[in-house]
Amino acid sequence: EAYIKLTYNLLANRDLDIVCTLRGSSHDPVRLRIREWIEQYVKARGIKNAVAGEVNSASRTVVSSEYFSYMYRAKIIVTSNPSDWEGDFRLCEAFAGGALIFVDHMYVPRPNPFIHNKHIIYYDNNNKTD
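Following our numbering, the numbering of the sequence shown begins with 34 at its first residue and continues without gaps.
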C-alpha cells in the first residue's frame with residue numbers, strides 16, 4: 034500500500050517530460066555516465082520540465098513520497114542497471130509509475146523477457162546517441 038496510494042493518479046499530471054533519478058558515482062560509473070548524458074540532452078534541447086539527478090537522499094529502506102511523485106509525473110523515465118548486476122528497484126518502480134521506460138540492455142535470460150519497443154526501450158549504455 035505504501036507504493037501505490039490513491040493520491041497518485043497514473044493517468045493525470047504527467048507534467049515532467051523526462052525523469053532520470055540516477056545518482057552515479059565512481060562505484061557505479063555507468064549510472065553516472067547515463068545521468069550526465071541526460072543532463073546534457075535536456076540542456077541542449079531546452080527541455081524545462083525534466084529532472085536529471087538525485088531527487089533526495091532517501092535510501093531503499095524508506096518509501097519516499099517525493100521520489101514516487103516524480104515517477105508518477107514522468108512521461109519518460111531513463112534508468113540504468115547497476116554496474117554489477119541487472120534489474121533493480123528503480124526499474125520496478127519505473128514500471129509501477131506507468132511512464133515509457135528507457136533502460137540499458139539486459140542479457141540474463143528471463144522466462145518472460147521485456148520486449149524492446151513494446152514493453153520498454155533498450156539502449157546501449159556505451160553509445161551516447163543510441
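Just so it is clear, CB atoms sit at the ideal spot from N, CA and C, and this is done for glycine as well.
Locate the alpha helix (DSSP H) running through residue i, then write down its first and last residues.
i, result
"Phe-135", "No alpha helix (DSSP H) contains Phe-135, which is instead part of the beta strand (DSSP E) from 133-137."
"Arg-123", "122-130"
Looking at residue j and residue i, is the spacing between their C-beta atoms short of 9 Å?
i, j, result
"Thr-54", "Val-75", "no"
"Val-141", "Ala-127", "no"
"Val-52", "Val-96", "no"
"Arg-47", "Lys-108", "yes"
"Asp-230", "Asn-82", "This structure does not reach residue 230, given that the chain is present from 34 up to 163, and the question cannot be answered."
Where does residue i land, buried or exposed, given buried means 16+ other C-beta within 10 angstroms?
i, result
"Ser-113", "buried"
"Phe-101", "buried"
Along the chain, where does the beta strand (DSSP E) containing residue i start, and where does it finish?
i, result
"Ile-148", "Premise fails: Ile-148 is in no beta strand (DSSP E) and is neither H nor E."
"Ile-154", "154-156"
Helix, strand or coil for residue i per DSSP?
i, result
"Tyr-140", "coil"
Could you give the uninterrupted runs of the beta strand (DSSP E) lying entirely in the stretch 36-110, keeping only those of 3 residues or more?
49-53 and 83-85
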